[in-house]
Amino acid sequence: MILQLGSFEYLTAPPSRLVATAGLWSALPRITRGQPVARLLIAADTLERQEILDGFKQVATPEAYLPPGVMAYRIAYEDFLHQAVQEVRYTRLYLALDSELEEDALVGLLGSYGLRARPLDHELPRPFNSASVSWDRLTADDGRLLAVLRSRYNQFGSIIHPQVLHNLLAQDFRLWVALQIYTFPPQEAQRLLRVKGAMVRYGDHKTEESIQAAETAAGGVQSIRDALTHGETLHAVNLYVVVDGEDTQTLRRRIEIVRGSAGLEMERLFGVGHLLEGVFSGTTPKAPPTALFSAAVPSDGFPLTTSGAAILAGSALSYRRRTETRGVMLGIDRNQAPVIINIFDDRNPSYNSVVLGQTGAGKTFAMLLLMMRHLLTGVRLIMMDPQGNIDLNFLGPEVYQRSIIGTSSASVNVLDVVHEEIGAQVEMALSMLKMLGLWTADAPLKRALLDESLMKLYGQRPSGDSPTLPDLEAVLTQRSVTSPALQDARDALL
């Protein structure tokens, strides 16, 4: 099963987001079939200007269906796109695992671990469709040469932090990355630690260097045992990186760049066509008996406790150069990446939003801009403007229809009948009129006049027929008053 994942910005997100996936890696033996292994698959590429423009056109209403007012705005918006769009690094992130859970249940579980996931609705971006395998490279069907690198088992002195993968993903050439995490069941972890401890203790250490290495290994085994005692789990982690090049020289140069920027020691693998077939898919990779390099066993990897595995995964999940192409472009962020949003996207709905800012900061303009650009994608919009300062008549009557509250043709009527019991209906109407400012708590005469008029108005209307504000005005006008105070209150209401 493969799901597409969302990302977060580690510079602004709380530190807890970096280790939020810890529970997922510990739970792998309980939620997976067969081997408890999961892979984060990352496709890093350069997003070209034309791809961003095409992304908007894929969701935009065809020009033939746009009225003249909207067509003029469409032309202005496309001019903005051409001026603002530039090339940017683009990464897509996926999770592959053989889960016991149904797809919807797995999405919900990932959400509890802080992972935004959704079912895969497009083809998984793989390094190649088909390729021929040579000893030191793969040759794709389009002529590209590919090489595979993997993290070494022994990572002496390596430090895991959020920048481990960021430098790697920021390169200006295409990369395919797989972070494979295998979770040792408790009994298997204890057995492995006993074997490692015995090898360190009873090994033949003759030189000072071998003695020092044994002491370091013994300390590592003990630190892992301490972590397991405190509730963590043991994992085997492998980082696979696939690079391509048009020729041998380009391929070698990119291999050295990956080794220098990955933050971990990387070794080149040879004869690994069968390995890649499984790594970049939703199945567990298994090397055939005749494979030249038998590195496909998930439990063969450098050991990490749950905290380390979660931070390494957070390094991939928090890479900030990730964006969409389909939707509305609002501008460019501080990393020169396009800010593309589609609040009506069924795949990632955002039904509740709030815009905050001081008076004059541009809240109304920003919302109008957002709504107008979504209008180009064929979305039907409803705006409520209490201040009455928005005028969109330039869009034309085919697009813009305006209604005023309180008229017989109003789309919203504050006197609509919503209660069968007349007393409750009157109280609701009084509350709505109070919100409109017709009366206040310190004006009892106004409230009394409105209460009496509403009782009469609702009592004489046919069942289910809602009155309007002009009807209420007529009842107040016909009402006879006997005192100057009541006369002043009625005049103020009218």
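0 is the number of the first residue of the sequence shown in the working numbering; add one for each residue after it.
Yeah, the Cβ is synthetic: ideal placement off N, Cα and C, and Gly gets one too.
Same chain, Cβ closer than 8 Å to Leu437, five either side skipped, listed in chain order: Within the sequence shown, the letter at position 438 stands for residue 437. Cβ neighbours of Leu437 beyond the five flanking positions: Lys445, Leu449 and Leu492.
Contact set for Ala309: own chain, Cβ-Cβ below 6 Å, skip 5 residues either direction: Residue mapping note: residue 309 aligns to position 310 of the sequence shown, counting from 1. Closer than 6 Å at the Cβ level, and outside the excluded window around Ala309, lie Val18, Thr20 and Ala21.
Glu101 Cβ short of 7 Å to the ligand ZN heavy atom set: Of ligands this structure carries none, so the ligand ZN is not represented either.
Given Gly259 as reference, the closest of Asp243, Leu164 and Met370 once Cα atoms are compared: The residue given as residue 259 occupies position 260 in the sequence shown. Ranking Asp243, Leu164 and Met370 by Cα distance to Gly259 puts Leu164 first.
Ile254 versus Ala177 - alpha carbon distance: Working through the sequence shown from its first residue, we reach residue 254 at position 255. Working through the sequence shown from its first residue, we reach residue 177 at position 178. About 16 Å.
Per DSSP, the bridge partner or partners of His234: Numbered from its first residue, the sequence shown carries residue 234 at position 235. His234 is bridged to Thr182 and Leu303.
Beta-carbon spacing of Ile256, Gln170 below 8 Å: Counting from 1 along the sequence shown, the entry for residue 256 is found at position 257. Counting from 1 along the sequence shown, the entry for residue 170 is found at position 171. Taking a C-beta distance under 8 Å as the contact criterion, Ile256 and Gln170 qualify as a contact pair.
Close beta carbons around Tyr76, own chain, < 7 Å, minus the five adjacent residues each side: Residue numbering aside, residue 76 sits at position 77 when the sequence shown is read from its first letter. Within the same chain, Tyr76 has close Cβ partners Arg372 and Leu375.
Range of the contiguous alpha helix (DSSP H) that encloses Ser482: Along the sequence shown, one-based indexing puts residue 482 at 483. Neither: Ser482 is in no alpha helix (DSSP H) and is coded neither H nor E.
Per-residue DSSP class, three states only, for Gly5: Here residue 5 is taken as the residue at index 6 of the sequence shown, counted from 1. Coil.
Coil, strand or helix - Gly107 by DSSP: The residue labelled residue 107 in the question sits at position 108 within the sequence shown. Gly107: helix per DSSP, three-state reduction.
Same chain, Cβ closer than 7 Å to Asp470, neighbours up to 5 away in sequence not counted: Here residue 470 is taken as the residue at index 471 of the sequence shown, counted from 1. These residues qualify, in order along the chain: Leu456.
Pro126 beta carbon less than 8 Å from that of Leu274: Along the sequence shown, one-based indexing puts residue 274 at 275. Along the sequence shown, one-based indexing puts residue 126 at 127. For Leu274 and Pro126, no; Cβs fall outside 8 Å.
Continuous alpha helix (DSSP H) stretch holding Met454: start and end: As a position in the sequence shown, residue 454 is number 455, starting the count at 1. Looking at the DSSP string, the run of the alpha helix (DSSP H) that includes Met454 is Pro443 to Gln459.
Where the beta strand (DSSP E) containing Met265 begins and where it ends: Here residue 265 refers to the residue found at position 266 when the sequence shown is read from its first residue. Where Met265 is concerned, the enclosing beta strand (DSSP E) stretches over Met265 to Leu268.
Cβ contact (3+ pairs, closer than 8 Å) linking the region 409 to 426 and the region 95 to 112: Contact between the region 409 to 426 and the region 95 to 112 is absent, because fewer than three Cβ pairs lie under 8 Å.
As assigned by DSSP and simplified to three states, the class of Trp175: The residue you call residue 175 lines up with position 176 of the sequence shown. Three-state DSSP puts Trp175 in a strand.
Simplified DSSP assignment, three categories, for Ser131: Residue mapping note: residue 131 aligns to position 132 of the sequence shown, counting from 1. In the structure shown, Ser131 sits in a strand (DSSP, three-state: E or B).
Cβ pair Leu367, Ile389 closer than 8 Å: One-based indexing of the sequence shown puts residue 367 at position 368. One-based indexing of the sequence shown puts residue 389 at position 390. Cβ atoms of Leu367 and Ile389: closer than 8 Å.
Opening and closing residue of the beta strand (DSSP E) in which Arg91 lies: The sequence position of residue 91 within the sequence shown is 92, counting from 1. It spans Val87 to Leu96 - the beta strand (DSSP E) in which Arg91 sits, taken as one unbroken run.
Strand pairing of Thr45, partner residues [DSSP]: Numbered from 1 along the sequence shown, position 46 holds the residue referred to as residue 45. According to DSSP, which records beta bridges pairwise, Thr45 is partnered with Arg88.
Chain-order list of residues whose beta-carbon lies under 8 Å from that of Glu47 (same chain, five-residue window excluded): Position 48 of the sequence shown, counting from 1, holds the residue named residue 47. Setting aside the 5 residues that flank it on each side, Glu47 is surrounded in the same chain by Glu86, each with a C-beta closer than 8 Å to its C-beta; the list follows chain order.
Residues of its chain near Thr45, where Cβ-Cβ distance is below 7 Å and the 5 sequence neighbours each way are ignored: Residue mapping note: residue 45 aligns to position 46 of the sequence shown, counting from 1. Taken in chain order, the residues that qualify are Glu86, Arg88, Tyr89 and Asp171.
Closest Cα partner of Ala442 within the set Val474, Leu485 and Trp134: As a position in the sequence shown, residue 442 is number 443, starting the count at 1. Cα-wise, what sits closest to Ala442 is Leu485.
Own chain partners of Glu50 with C-beta closer than 7 Å, once the 5 adjacent residues on each side are dropped: The residue labelled residue 50 in the question sits at position 51 within the sequence shown. Excluding positions up to five away in sequence, the list reads Thr324.
Nearest neighbour of Tyr152, chosen from Gly330, Pro483, Glu122 and Pro302 [CA to CA]: Translated into positions along the sequence shown, residue 152 becomes position 153. Of Gly330, Pro483, Glu122 and Pro302, the residue nearest in Cα terms is Pro302.
Range covered by the alpha helix (DSSP H) that runs through Ala365: Reading the sequence shown from its first residue, position 366 is the one you call residue 365. Here the alpha helix (DSSP H) through Ala365 covers Lys362 to Leu374.
Classification of Val236 by the beta-carbon crowding that lies within 10 angstroms, buried from 16 upward: Taking the first residue of the sequence shown as 1, we reach residue 236 at position 237. Taking all protein chains shown into account, Val236 has 16 or more neighbouring C-beta atoms within 10 Å of its C-beta and is therefore buried.
Residue from Val69, Met427, Gly377 and Leu105 whose Cα sits closest to the Cα of Gly326: The sequence position of residue 326 within the sequence shown is 327, counting from 1. Nearest of Val69, Met427, Gly377 and Leu105 to Gly326, Cα basis: Gly377.
For Ala71, the nearest candidate out of Leu394, Glu420, Val417 and Ala423 (CA to CA): To locate residue 71, count along the sequence shown from 1; it is residue 72. Answer by Cα proximity: Leu394.
Start and end residues, alpha helix (DSSP H) containing Met70: Counted from its first residue, the sequence shown places residue 70 at position 71. Note, Met70: alpha helix (DSSP H), Pro67 to Ala83.
Residue range of the beta strand (DSSP E) that includes Met328: Here the question's residue 328 lines up with position 329 in the sequence shown. Taken as a continuous stretch (DSSP letters only), the beta strand (DSSP E) holding Met328 covers Val327 to Ile331.
Buried or exposed by the 16-neighbour rule on C-beta atoms within 10 Å, applied to Val425: Indexing the sequence shown from 1 puts residue 425 at position 426. Buried, since its Cβ has 16 or more Cβ neighbours within 10 Å.
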